[in-house]
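Colleague: Sharing a structure, written as structure tokens. Questions coming.
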Amino acid sequence: MSQDNVYAGDSRVIRFFEELSRIPRGSGNEKAVSDFVADFARARNCAVLQDDRHNLIIRKPAAPGYEHAPIVIFQGHLDMVTEKNKSTVHDFTKDPIRFKIDGDMIYAQGTTLGADNGIAVATAMTIIDSPDMAHPELEILLTTEEETSMGGAFKLDASPLKGRMMINFDSDREGILFVSSAGGINTYHTVPLAWKEAGSFAGEPHTIAVQGLMGGHSGDDIIHERGNANKLLGRVLDDLRRHAAFELAGVGGGMKVNAIPREAEAAVYLDGAAKTAVEARLAELNGILRDEFQASDKGVSVTLQAGFDAGDSAGRAFADDVKTAVIRLLALIPNGVLSMDKAIGNLVRTSSNLGVVSVNETHVVMQSLARSSMRSQTDDVVRSMATLAEAVGCEFRTDHYFPGWPYRADSKLRPVIEAAYDKRFGKPIEIKAIHAGLECGVLIEKMPDLDAVSFGPNMYEIHTPDEHLSISSVERTWAFLEDVLAALKG
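Under the numbering used here, the first residue of the sequence shown carries the number 1157, and numbering increases by one thereafter.
And the structure:
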């Protein structure tokens, strides 16, 4: 396996992607990459509109013979999810993403790769850098903060956009054309902190750690029913309180609300007898979890270690009512697949992901992302979470609602893409809806007559440090995109 950070192939898209990957571009930190792409486009005589959210609208004139064709929007997002392995030393605010090439696949070195959605930006750069490419007038729309709130798309002034056909390039399976997506909303259960001071309880500090899970995208991968480390931690703590006395001093797990958490920890105080009981019970629970998750998370484990990762300087533990509320919430917050869409095969309709659990100076915070293709079911999940907060006695709020993208039966763009795919590959493209959120829904709210589709090359394990990208799929998808744009002559 090559460890060098150099791509030596012929794909211009991959070369631009590697260049892009040297620029930090976590959500909320997109100014540098936005400026870079804007300068790149201006140097190639494209008009550029850059707003105060660092969104970009780049105009490339129509190729000869396409002057009267309808304008087409090509759309992606500038930001990436910033996840890394616990052992990886990497500062996403300044360090480049380093490639690791293994045959046809590109990985990063212990971090997310950022192919989601850097590959759309690199593809846009390739379009801009192709003077002889056949295409209608293009409006290249690159947004910010998609991975956290879709804030760039929400704040975008869409009035300069004249196109009413849009190709979103934020999908991760070659050969699939997405025509609808779920909406969603962030939810927060927060427990006000109160403490037991040192000397008021017994026991030595220990860490209970849930590890070895696959994780994944909380929309795309939720159907695989992989273990959620935060929920498993809640299950373990709820089980252990029935077998041993312990004090709870901290909890934490997950890094992004739209990523299924792979690791979670609890800081506990145990005396000798409790430690023995906990060790015995964890041995049983490890066997149970390995049986339950043998198909999805073979490496799952729950361990007990002496000491706290963050040290034992505070010498305090949660008050009893805080401990009870935290364990109840971890055990009871809705998570995973909540309903399937019976009209479309193998499609999740409604789900929730308990993505991040953290402790700040004043509260324990549990953040979930609820998704559904039906607003009524999104609302129902939110109501049930609010009712749970009332029952437990904690605070509850929501933010960053994003709308779903409804299927458009009268699409003029979809048949062109279907014909282009069949002509190139000799088989039909698969038409699907997606449970993940895409910016299409936000943009369609701004432009109700927008005719949108979404496709892209093969990417795997996105939103995790195992994220990887198929080079050959990028090459095939680029050639197919060229076919599509050439066919949109009007």
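In this text, a Cβ means the ideal position worked out from N, Cα and C, and glycines have one as well. Note that the structure is predicted; figures quoted are calculated from it, not measured.
Which same chain residues, not among the five before or five after I1483, have their C-beta less than 6 Å away from its C-beta?
Modeller: Closer than 6 Å at Cβ, skipping near neighbours: L1393 and D1394.
Colleague: Can you give, in chain order, each stretch of the alpha helix (DSSP H) that sits fully within the region 1383 to 1434 and has at least 4 residues?
Modeller: Runs found: 1385 to 1396.
Colleague: So G1359 and V1513 are supposed to be a Cβ contact under 8 Å. How far apart are they, rounded?
Modeller: Between V1513 and G1359 the Cβ distance is about 22 Å, and since that is not below 8 Å, they are no contact.
Colleague: If the criterion is Cβ atoms closer than 8 Å, does the pair L1485 and I1262 meet it?
Modeller: Against a cut-off of 8 Å, the Cβ pair of I1262 and L1485 comes out as no contact.
Colleague: Could you tell me the boundaries of the beta strand (DSSP E) in which K1318 lies?
Modeller: First-last for K1318: undefined, no H or E at that position.
Colleague: Taking the continuous beta strand (DSSP E) assigned at E1360, which residues delimit it?
Modeller: Per DSSP, E1360 belongs to the beta strand (DSSP E) from E1360 to Q1367.
Colleague: Do D1270 and R1181 have their C-beta atoms closer together than 8 Å?
Modeller: Per the sequence shown, the amino acid found at residue 1270 is Gly instead of Asp. In this structure, R1181 lies closer than 8 Å to G1270 by Cβ.
Colleague: Using alpha carbons as the reference points, say which of E1303, Q1533, R1209 and L1212 lies closest to E1239.
Modeller: If we check each option's Cα against that of E1239, E1303 comes out closest.
Colleague: Which residue wins for smallest C-alpha separation from R1215, given the options V1228, Y1222 and D1208?
Modeller: Comparing Cα positions, the closest option is V1228.
Colleague: Just list the beta strand (DSSP E) runs in the region 1483 to 1511, keeping only unbroken ones of 3 residues or longer that don't cross its boundaries, in chain order.
Modeller: Runs found: 1492 to 1496.
Colleague: Taking the C-alpha atoms as reference points, what is the distance between V1640 and S1610?
Modeller: Going from the Cα of V1640 to the Cα of S1610 covers about 13 Å.
Colleague: Check for me: the beta strand (DSSP E) holding E1551 runs from which residue to which?
Modeller: Counting along the chain, the beta strand (DSSP E) containing E1551 begins and ends at E1551 to F1558.
Colleague: Strictly by DSSP, which residues pair up with M1615?
Modeller: According to DSSP, which records beta bridges pairwise, M1615 is partnered with L1625.
Colleague: Which term fits D1195, buried or exposed, when burial requires 16 or more other beta carbons within 10 angstroms of its beta carbon?
Modeller: Label assigned to D1195: exposed.
Colleague: Which residue's Cα is closest to the Cα of V1548: P1613, G1221, L1460 and V1478?
Modeller: Per the Cα distances, V1478.
Colleague: Name, in chain order, the residues that DSSP records as bridge partners for E1295.
Modeller: In the DSSP output, where bridge partners are listed per residue, E1295 has R1215 and I1229.
Colleague: How big is the Cα-Cα spacing for L1494 and L1488?
Modeller: Looking at the two C-alpha atoms, the distance is approximately 13 Å.
Colleague: Is the separation between the beta-carbon of R1505 and that of S1524 shorter than 8 Å?
Modeller: Their beta carbons are not under 8 Å apart, which means R1505 does not touch S1524 by this criterion.
Colleague: Please name the residue in A1475, D1427, E1419 and A1433 whose C-alpha comes closest to that of L1349.
Modeller: Comparing Cα positions, the closest option is A1475.
Colleague: Is it the case that the Cβ atoms of A1314 and K1602 are separated by a distance below 8 Å?
Modeller: Against a cut-off of 8 Å, the Cβ pair of K1602 and A1314 comes out as a contact.
Colleague: Quick one: measure Cβ to Cβ for R1209 and L1606, integer angstroms, because I've assumed they're closer than 8 Å.
Modeller: 20 Å between Cβ atoms; not a contact.
Colleague: Starting from Y1577, trace the beta strand (DSSP E) both ways and give me its first and last residue.
Modeller: Element bounds for Y1577: not the beta strand (DSSP E) but the alpha helix (DSSP H), L1569 to F1581.
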